[in-house]
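Undergrad: Here it is, the structure in full.
In our numbering, the protein residues as written are 633 to 744.
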């Protein structure tokens with residue numbers, strides 16, 4: 633089985649925003665969702681996730697509130713904001729265009 637891939641710099645924020653489109657989640661739930669959605673192919677570092685959450689909240693792309701987790705522990709739940717949804721839409725389109733461009737270049741054959 634191939635090794636998991638490190639998350640490319642600058643993409644974690646986008647992935648967190650996508651995770652939060654489904655429902656409000658606390659950090660562990662976000663990690664689980666990303667690992668499941670990535671089919672175990674992404675290497676997610678907890679400290680990087682929490683730095684991303686703080687960064688996104690500071691930019692008002694997500695909001696948080698305290699709640700109780702399934703195992704009756706106090707947890708901070710994160711919600712995507714309207715501004716976060718708008719940025720996610722824009723950055724998803726940019727990412728798709730970038731990935732298509734890179735794939736086109738990598739598939740290019742040598743000119744005659």
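From the three backbone atoms N, C-alpha and C, an ideal C-beta is built for every residue, glycine too. No experiment lies behind these values; they were computed from the predicted model shown.
Taking the alpha-carbon positions, what's the residue 686 to residue 742 distance?
TA: 46 Å
Undergrad: My output table needs one value for residue 698: the three-state DSSP class, helix, strand or coil.
TA: strand
Undergrad: Could you round the C-beta distance between residue 713 and residue 695 to whole angstroms and report it? I think they count as a contact, below 8 Å.
TA: 6 Å
Undergrad: For my contact list, residue 716 and residue 688 are in at a C-beta cut-off of 8 Å; report their separation, rounded to the angstrom.
TA: 7 Å
Undergrad: Can residue 663 and residue 676 be called in contact, C-beta distance under 8 Å?
TA: yes
Undergrad: What residue range does the beta strand (DSSP E) around residue 712 cover?
TA: 706-712
Undergrad: Please identify the residue among 638, 643, 692 whose C-alpha is closest to the C-alpha of residue 718.
TA: 692
Undergrad: Please identify the residue among 690, 671, 660 whose C-alpha is closest to the C-alpha of residue 679.
TA: 660
Undergrad: Can you tell which of 670, 655, 739, 645 has the C-alpha that lies nearest to the C-alpha of residue 821?
TA: Residue 821 lies beyond the stretch modelled for the chain, which goes from 633 to 744, so this question has no answer here.
Undergrad: On the CB-based measure, 16 or more other CB atoms within 10 Å of its CB, does residue 754 come out buried or exposed?
TA: No statement about residue 754 is possible, as the shown extent of the chain runs from 633 to 744 and does not include it.
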